[in-house]
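Residue numbers (our numbering): 188 to 658.
What follows is a single structure, written as structure tokens, with notes after it.
As structure tokens, then:
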């Protein structure tokens, strides 16, 4: 018997018309583009109550609505001295982005027949979603809201991804419409695109500076000229450029913090600090010699860089491989071993950093270890407890153990970032905890959480092709 699919739109041409309004083929004027996108959003709002609206379409509407809210809020305040709330803009982007990521991951999980659901990182890998999306979603959910610049950039990338995996596959379209517009769905260089362009420019400039430094440093070591005045002057020039990258004349403190975070993100995400062919257990002496001088120069001149770098390193540690720890991917395990050694070096860098700075850094890193509990962050936290004084252990030991137990209980439920941890009792060298009652309570909590539903729609495209999961 034939199966019919009910769609919110009457004909395929209705859906293609909305696509043309959301993703224009050319760059129109600012006013006409805004009108088109507002009109498309009104249509989608009318479709949603009818049901069976694919998550890809809903996500596109939410993300573009966040962009429109940003543009409207900024335009409305141009004639007055007040400015739109930075927090409200970040919250709007965060709500749209987290719903977009969580929805696709829930759809992927609903298609699995496994008793133990896959982590979000594993689902993202299956549907070819960038791992950075899951990382940002995890950060926005469990920590402070990301900076506006990062959210604007992530929203643009999400809309580009939705174009590739859904909109461009709706059927044949005019040849002029087959490629994504240069400036994405916005089609205008308003404030949203300006922030986006500035962030991308800073990222590319950071990569250029870091590549230049790495090349010069390696050449100096090969010729044994790393201590010559010429090389020291070259190092100082690149270091000053990195510091200047983090500072913008007349910029706000939030903009400067975002720029500092950009430099730290590029260092960590592009794996500049990780030695080539690093093996677990091997020292990172070469990497320390290569990068320590530059890092110290930036740390001394740019407040906040040390904390931003440590944060990005801990976040990279918390994103474990999707398989069990005993079967962790070799490259991923080697990378995390190198990151662990870098963090251990930073929190004990007494030859370069004053003790008050190290104390503040150890506290910040310990907070992150408790917040992002994983095998590697537990290992790092345990190292901090062992090397800390009695007061430090008294303040953090119980909280650290509790975070490990919480992560262990929730491992099969949330698995936000592919994190898998062992039981807290095995982490610290203390008496085993009584788990008889706790295990029953944990089982009850896990049972309740497993009953909480997400977005588990099995929506179909107009031609009967499953939508929501990239095949």
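A virtual CB, placed ideally from N, CA and C, is assigned to each residue, including glycine.
In this text the structure is predicted, and so the values were computed from the model without any measurement.
According to the DSSP assignment, residue 273 belongs to the alpha helix (DSSP H) that extends over 273-297. With 16 or more neighbouring CB atoms inside 10 Å of its own CB, residue 231 falls in the buried class. Counted as a single uninterrupted DSSP element, the alpha helix (DSSP H) harbouring residue 339 occupies residues 335-352. If you draw a straight line from the Cα of residue 234 to the Cα of residue 203, it comes to about 14 Å. When the five nearest sequence neighbours on each side are left out, the beta carbons in the same chain lying within less than 8 Å of the beta carbon of residue 527 are those of 504, 563, 566, 567, in order along the chain. Residue 418 places its beta carbon less than 7 Å from that of residue 407. DSSP places residue 466 outside any alpha helix (DSSP H), giving it a letter other than H or E. Fewer than three Cβ pairs drawn from the segment 253-262 and the segment 313-328 lie within less than 8 Å of each other, which leaves the two stretches out of contact. From the listed residues 486, 425, 490, 349, the smallest Cα separation to residue 250 is found for 349. Under the three-state reduction of DSSP output, residue 553 falls in the helix class. Non-local beta-carbon contacts of residue 486 in its own chain, meaning distances under 7 Å to residues more than five positions away in sequence, involve 492, 493 in chain order.
Contact annotation: residue 357 and residue 277 have beta-carbon atoms that are not nearer than 7 Å.
With contacts defined as CB atoms closer than 7 Å, residue 394 and residue 339 fail to qualify as a contacting pair.
316 is the residue among 305, 449, 316 whose C-alpha sits nearest the C-alpha of residue 352. Between the segment 466-480 and the segment 525-545, the count of C-beta pairs closer than 8 Å reaches three or more; the two stretches touch. Distance from the Cα of residue 522 is smallest, within the candidate group 470, 484, 573, for 470.
Per DSSP, reduced to three states, the secondary structure at residue 399 is helical. Per the coordinates, the alpha-carbon of residue 257 lies some 34 Å from the alpha-carbon of residue 297.
Burial check for residue 409: the Cβ neighbour count within 10 Å stays below 16, so the residue is exposed. In this structure, residue 584 lies near residue 572, with their beta-carbon atoms less than 7 Å apart. Rounded to the nearest whole angstrom, the CA to CA distance from residue 524 to residue 467 is 6 Å.
Distance check between residue 207 and each of 197, 223, 309 places 223 closest, using alpha-carbon atoms only. Counting only the Cα atoms, residue 194 lies some 49 Å from residue 433.
Annotation for residue 556: 501, 564, 565, 567, 568, 571, 587, 590 place their beta carbon closer than 8 Å to its own, counting only its chain and skipping 5 residues before and after.
Closest by C-alpha distance to residue 519, out of 537, 489, 463, 539, is 463. The residue from 482, 390, 496 with its alpha-carbon nearest to that of residue 551 is 496. The three-state reading of DSSP puts residue 197 in coil, since its state is none of H, G, I, E or B. The beta carbons of residue 287 and residue 345 sit closer together than 7 Å.
The residue from 210, 252, 284, 561 with its alpha-carbon nearest to that of residue 355 is 210.
In the three-state reduction of the DSSP assignment, residue 394 falls in the helix class, which pools H, G and I. Between residue 281 and residue 327, the C-beta spacing is below 7 Å. Proximity to residue 392 across 449, 537, 420 peaks at 449, based on C-alpha coordinates.
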